[in-house]
Amino acid sequence: MAAGKNELSCQMALYPLGQKKYGQIIGEIIGELEGEEGVHMEVGPLSTLLQGPSPAIWKIVREISEKADQKGDYVLQLTLSNVCGLDSRQE
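Each residue of the sequence shown is one higher than the one before, starting from 22 at the first, in the working numbering.
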């Protein structure tokens, strides 16, 4: 599928800082995300991949940031593209 207008792919990695149970925190935050229509999410061992409409991707990124902020200090690393990662998306 060719990338459509207003579509994004996002690779993100969340790093809770100073947390002993960082894996648990990441799992809780990802598990609390509400499904967004048209967004494909693939959770991997090192990062999470999102593909879908730009507004929905930004909403998810904002939700993750807000939830991580409630847990303490964090770093959220993002790689965004309006081309890479969208051409190979399976429907």
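Even glycine gets a Cβ: it sits at the ideal position worked out from N, Cα and C.
Note that the coordinates shown come from a computational prediction; the quantities given were computed from them, not determined experimentally.
Taking L38 as the centre and dropping the five residues before and after it, the same chain places the C-beta of G93, D94, Y95, V96 closer than 8 Å to its C-beta, in chain order. Cβ-Cβ distances below 7 Å link A34 to L67, S68, Q98 in the same chain, with the five nearest sequence neighbours on each side left out; the list follows chain order.
Excluding sequence positions up to five before and after E84, its CB lies within less than 7 Å of the CB of L54, all in the same chain and listed in chain order. According to DSSP, Y95 shares a beta bridge with P37.
Here the alpha carbon of S102 sits roughly 30 Å from the alpha carbon of Q40. For G48, the three-state secondary structure derived from DSSP is helix. Selection G65, G59, P76, I51 evaluated against A89 yields I51 as nearest (Cα-Cα).
DSSP, read as helix, strand or coil, puts S75 in helix.
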